[in-house]
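In order, the protein sequences belong to chains A and B.
Just so we're aligned: 390 in the numbering used here is position 19 of the first sequence, and the numbers increase by one with no gaps anywhere.
Just so we're aligned: 84 in the numbering used here is position 67 of the second sequence, and the numbers increase by one with no gaps anywhere.
Cβ coordinates follow ideal geometry from the N, Cα and C atoms, glycine included.
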Amino acid sequence: EIVLTQSPTTTAASPGEKVTITCLASSSVSNMYWYQQKSGASPKLLIYSTSSLASGVPDRFSGSGSGTSYSLTINTMEAEDAATYYCQQWSSNPPTFGSGTKLEIK
Amino acid sequence: EVQILETGGGLVKPGGSLRLSCATSGFNFNDYFMHWVRQAPGNGLEWVAEVRNKNNNYATYYAASVKGRFTISRDDSKSSVYLQVSSLRAEDTAIYYCTREEQLSYYFDYWGQGVMVTVSS
Numbered sequence: 372e373i374v375l376t377q378s379p380t381t382t383a384a385s386p387g388e389k390v391t392i393t394c395l396a397s398s399s400v401s402n403m404y405w406y407q408q409k410s411g412a413s414p415k416l417l418i419y420s421t422s423s424l425a426s427g428v429p430d431r432f433s434g435s436g437s438g439t440s441y442s443l444t445i446n447t448m449e450a451e452d453a454a455t456y457y458c459q460q461w462s463s464n465p466p467t468f469g470s471g472t473k474l475e476i477k
Numbered sequence: 018e019v020q021i022l023e024t025g026g027g028l029v030k031p032g033g034s035l036r037l038s039c040a041t042s043g044f045n046f047n048d049y050f051m052h053w054v055r056q057a058p059g060n061g062l063e064w065v066a067e068v069r070n071k072n073n074n075y076a077t078y079y080a081a082s083v084k085g086r087f088t089i090s091r092d093d094s095k096s097s098v099y100l101q102v103s104s105l106r107a108e109d110t111a112i113y114y115c116t117r118e119e120q121l122s123y124y125f126d127y128w129g130q131g132v133m134v135t136v137s138s
């Protein structure tokens, strides 16, 4: 199965700061998906097909990448963005998730 | 409004069984594949099982870690999906989320709030 490695594991950002989370795949994948999970809540779809924003997601979020390297960027950090972020692939079975990046507000 | 609600979790002894239920509303259930994804305490997300729709012959798929012990099914008349979990082990302790996939979109666009399954003696 494809292993997804996220970095950093934990990070903190000040309001207005730019944040980038990276997801490296053990084999090439055609697309990456990103989810946000706030404390005590279920995951929420943020990005699909590498760079498309899910409905209702603010445009300060963006996704990019190809092959084995993908990233999620928050252009200007807001307090409500504090959460754990997961990448997910399904280019091969089974679908797998990264281990998560915890983003805190400074 | 899309709604997904899981029930049926609880405390069960190793080797025991439970049936998790997931009731949905607010969308055409027949158009979607349904999945269970779990999250062990303090850990990340693990895909567990998938059931496809009638047009795809209700095909089912499982993670290697649960194959032969878990059974996923759906009842289109009730817009519901189920997960029969058996021969439970301590490592099955997790929050189990029910989630949907628009046919062959390869991602999960709506999730339920989850139900806790604790396996302990």
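Query	Result
Local Cβ density within 10 Å of Thr41 of chain B, reported as buried at 16 or more and exposed below that	buried
Cβ distance (whole Å) where Gln377 of chain A is taken to contact Gly469 of chain A below 8 Å	4 Å
Closer than 8 Å to chain A by CB, Ala111 of chain B	no
Chain A contact for Phe87 of chain B (CB, 8 Å cutoff)	no
Residue-chain proximity (Gly471 of chain A, chain B), Cβ-Cβ < 8 Å	yes
Chain-ordered chain A contacts of Leu62 of chain B [CB-CB under 7 Å]	Pro414, Tyr457 and Phe468
Amino acids of chain A, ordered along the chain, whose beta-carbon sits closer than 8 Å to that of Tyr114 of chain B	Ser413 and Pro414
Touch test, the stretch 20 to 39 of chain B against the stretch 99 to 114 of chain B, Cβ-Cβ under 8 Å, three pairs minimum	yes
Asn402 of chain A classed as buried or exposed, judged by whether at least 16 other C-beta atoms fall within 10 angstroms	buried
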